[in-house]
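What follows is a set of notes on a single structure, which appears directly below.
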Amino acid sequence: DGKTLIKPERQAKYLAIDEFKLHDGHKYATAIIDWETGYILYLAHGKKKAVVFEFMDHVGDEWMSKVEAVACDMNSDFEKAFKGRYPKLDIVYNRFHIIKDFNDKVVSEIRKDEQRRLAEEGSPEAAKLLKNSRYILMSKRSTLVQKDEDARKGKLVSTAGKIFNTPEIKAHGGNEVWYDELLEENKLFFTIDLVKDLLDQAYNSHDEVEMCVRLEEIIDICKATKNSHFIWFARLLYRHLRGIYTFAKYGISTGKLEGINNKIKTERRKGYGYPDDEYFFLRLMELSRKAS
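Quick note on numbering: full-length UniProt numbering labels position 59 of the sequence shown as 59, and the sequence is numbered without any gaps.
Put into structure tokens, the structure is as follows:
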């Protein structure tokens, strides 16, 4: 009748699922893509298990039985829905969200705690040193080394502008030295550096056992600090261990959905005149099939 969504023509091996905000910024919709092609296979309102069940009913048992893994964030609803019906399906937790959780809930919070402690202990200069250190503490050493090299070469970050009298800005050096000073001054910052390095090693592994060992090492290190933020992260890793180390086997994430999210934002800005969300969803599905 022309009003039924057709089933995917291609059999997907891997899927990725994530939610995004709709026009008013409050309602959510969920997108499911074929990870290898980036094609949107399904879009629906909400971010609950019901969307996953609708999708599985749409594609059917035979199609779903050939899917090997699904990349998602640590959303228990998505996992329970997929695993409830297809227990052999592997769930792969998104690397981006785990790193973000570490940066937001551990690095940032410890930095704020230490800044507050130094100020209370009467060390305002040391507290001031920490004030703008968030980026430094979250960065890889290789990134800081590259920034220092850019500064030595006099690389421009921004050229001067005559119309608005904007100044020329060059890359700042001294990043690695500042980082080393922070690590030397504070044992917790040294542990942050160690965990970042171990997370990198874990995600560069192509062996599930090796990745699991790295993650368990991180859990032990975090617990040994007796710091509440590190302990929170240790529990997070422990509760989701299998879904994290499965990355070593498949190497998939929800990263491709970020590109689609950008298309969604662009289309949403253009699409205030769209008659309804159904048309908007069909437009998004079409755009995902066009070469970017």
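Heads up, the beta-carbon is just placed ideally off N, CA and C, and yes, glycines get one too.
request  = Identify every run of the alpha helix (DSSP H) within the segment 202-266, keeping only runs that are complete inside it and at least 4 residues long; order them along the chain.
outcome  = 208-224, 228-239, 241-245, 247-250
task = Check the C-beta distance from residue 323 over to Lys263 and give it rounded, since I have them as a contact under 8 Å.
result = Since the displayed the chain opens at 1 and closes at 292, residue 323 lies outside it and no answer follows.
ask   = For Tyr14 versus Ala81, is the C-beta spacing smaller than 8 Å?
value = no
Candidates Gly243, Asp61, Arg283, Ile218, of which the one nearest Ala69 by Cα = Gly243
request  = Please work out which residues of its chain come closer than 6 Å, Cβ to Cβ, to Phe55, disregarding the five sequence neighbours upstream and downstream, and give them in chain order.
outcome  = Ile32, Tyr42
request  = Taking only the alpha-carbon atoms, compute the straight-line gap between Asp197 and Ala126 and give it to the nearest angstrom.
outcome  = 25 Å
key: Among Phe190, Glu176, Glu36, Gly84, nearest to Ile110 - alpha-carbon criterion   = Phe190
ask   = Measuring CB to CB, does Thr254 end up less than 8 Å from Asn94?
value = yes
query = Does the Cβ-Cβ distance between Asp277 and Leu22 come in under 8 Å?
reply = yes
task = Could you name the residues of the same chain whose beta carbon sits closer than 8 Å to that of Glu176, not counting the 5 residues immediately before and after it, in chain order?
result = Arg141, Leu144, Val145, Asp148
task = Note down, in chain order, each residue of its chain lying with its Cβ closer than 8 Å to the Cβ of Trp232, except the 5 sequence neighbours on either side.
result = Lys105, Val106
task = Compare the Cα-Cα distances from Ile260 to each of Phe102, Pro124, Glu208, Lys290 and report the closest residue.
result = Lys290
task = Since I believe Thr225 is in contact with Leu188 (beta carbons under 8 Å), could you give me their beta-carbon distance rounded to a whole number of angstroms?
result = 7 Å
query = What residues are listed by DSSP as bridge partners for Phe20?
reply = Ala29
message = Measuring only the C-alpha atoms, how far is Gly46 from Lys7?
response = 21 Å
message = Using the Cβ count rule (16 or more neighbours within 10 Å means buried), how would you classify Asp18?
response = buried
task = Tell me the start and end of each unbroken alpha helix (DSSP H) in the segment 83-125 that is at least 4 residues and wholly inside, in chain order.
result = 95-102, 108-120
query = Is it the case that the Cβ atoms of Glu208 and Ala248 are separated by a distance below 8 Å?
reply = yes
ask   = Can you name, in chain order, every residue of its own chain whose Cβ lies under 6 Å from the Cβ of Gln11, other than the five neighbours on each side?
value = Lys66
query = With C-beta atoms as the reference, is Ile219 less than 8 Å away from Tyr203?
reply = no
ask   = With a Cβ-Cβ cutoff of 8 Å, do Lys49 and Asp77 count as a contact?
value = yes
query = Is Tyr279 helix, strand or coil when you go by DSSP?
reply = helix
key: Lys7 (DSSP reduced to helix, strand or coil)   = coil
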